[in-house]
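This report refers to the structure that appears directly beneath it.
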Amino acid sequence: MRIFDPHIHMTSRTTDDYEAMHAAGVRAVVEPAFWLGQPRTSPATFFDYFDSLLGWEPFRAAQYGIAHHCTIALNPKEANDPRCRPVLDELPRYLVKDQVVAVGEIGYDSMTPAEDTALAAQLQLAADHELPALVHTPHRDKAAGLRRTLDLVRESALPPERVLLDHLNETTVKEAKDSGCWLGFSVYPDTKMDEDRMVAILRAHGPEQVLVNSAADWGRSDPLKTRKVGDLMLAEGFTEDDVDQVLWRNPVAFYGISGRLNLDITATDATHEGNSILRGGE
């Protein structure tokens, strides 16, 4: 089973996770820029973070045979902080980088006017740079958040087939599918979706344009949830081709819109800018 996790925050994970993911079949990941938990106090802190997504994390992933790409954006939560909003003006210099395969995560957290402005601006940046967009639907009041998201997508220059609506569930999947956007589902141990619910959605709505991710981060999460979904699909009568479509071909197709997806793993140097993953080693 080959697996492409289309949304996982490896900055928050250890090298043990990379090793376990490779053993489970993960060969590619996309890491979206997101809120790190501790509020950031200036744009400069974002730039260091973006640089790590473009340098250190691809280096770490390659050590374990995993191709790493990222998405870059001002996330919805921090779009509300006036100290962070100047990041929007600096995004174009990151969106031209080869490792960047989408603008994201963008979307809604609390559905504020500031989030409206940031989402609209970044949908335009995606259109300007001929990139797809990874859109975070809010964890609270999902149905209203999805409708508000779709309103802005329809007003934007970015066509729906270049938009991935993530963190969907049973209450939002039909409207999201009817919109023509791609459908993203995050599978978690306690919150969001679980394997059984995910397989039920696939049975009801089919595997077309569906991406399943672990969204693993610094909270209670599991970077092997993609594999667990694949295993349950097979146990419930889905074919190996169905599993390959959901866990590999669909994310390849969506992020391939960028024209930058490179899934070949090449040998890397022993260090990245003088740093090794072997802390204290030779």
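Just so we're aligned: 119 in the working numbering is position 131 of the sequence shown, and the numbers increase by one with no gaps anywhere.
We put the CB at the ideal spot given by N, CA and C, even for glycine.
Everything numeric in this text was worked out from a predicted model, so none of it was measured.
Contact check, residue i vs residue j, beta carbons under 8 angstroms
i       : j      : result
Met9    : Ile60  : no
His193  : His155 : no
Thr254  : Val14  : no
Leu119  : Leu140 : no
Leu153  : Leu111 : no
Pro271  : Glu103 : Past the boundaries of the shown model lies residue 271; the chain is included only from -11 to 270, so the question cannot be answered.
Met221  : Val198 : no
Thr(-1) : Glu45  : yes
Pro195  : Val234 : yes
Ala67   : Val91  : no
Leu212  : Ala32  : no
His127  : Val89  : no
Trp170  : Gly25  : no
Arg71   : Ser30  : yes
Phe131  : Thr100 : Before going further, note that residue 131 is Ala rather than Phe in the sequence given. No.
Asp210  : Pro177 : yes
Arg136  : Tyr96  : yes
Opposing strand residues paired with residue i [DSSP bridges]
i       : result
Thr59   : Pro20 and Ala90
Phe(-8) : Ala16
Asn201  : Ser174
Gly95   : His124
For residue i, three-class secondary structure by DSSP
i       : result
Val14   : strand
Gly268  : Bear in mind that the predicted position of Gly268 carries a pLDDT of just 46, short of 50, making it too unreliable to give a figure here.
Met181  : strand
Phe34   : helix
Val151  : strand
Phe173  : strand
His124  : strand
Pro244  : This sequence places Gly at residue 244; Pro is not what is there. Note: Gly244 maps to helix in three-state DSSP.
His(-3) : coil
Arg48   : helix
His193  : helix
Asp210  : coil
Leu83   : helix
Glu224  : coil
Asn157  : coil
Arg73   : coil
Leu251  : coil
Asp4    : helix
When the options are compared against residue i, the one with the closest alpha-carbon
i       : options                           : result
Val273  : Leu138, Ala164 and Asn201         : Here the chain comprises residues numbered -11 to 270, so residue 273 is not present and cannot be evaluated.
Arg208  : Phe(-8), Ile(-4) and Met(-11)     : Ile(-4)
Leu134  : Pro195, Leu249, Arg237 and Gly172 : Gly172
Phe(-8) : Thr2, Gly247 and Gly218           : Gly218
Tyr37   : Val89, Asp4, Asn68 and Pro20      : Pro20
His117  : Gly95, Leu138 and Arg150          : Arg150
Ala121  : Pro27, Arg142, Glu93 and Ala164   : Glu93
Phe35   : Ile189, Ser174, Pro74 and Leu138  : Pro74
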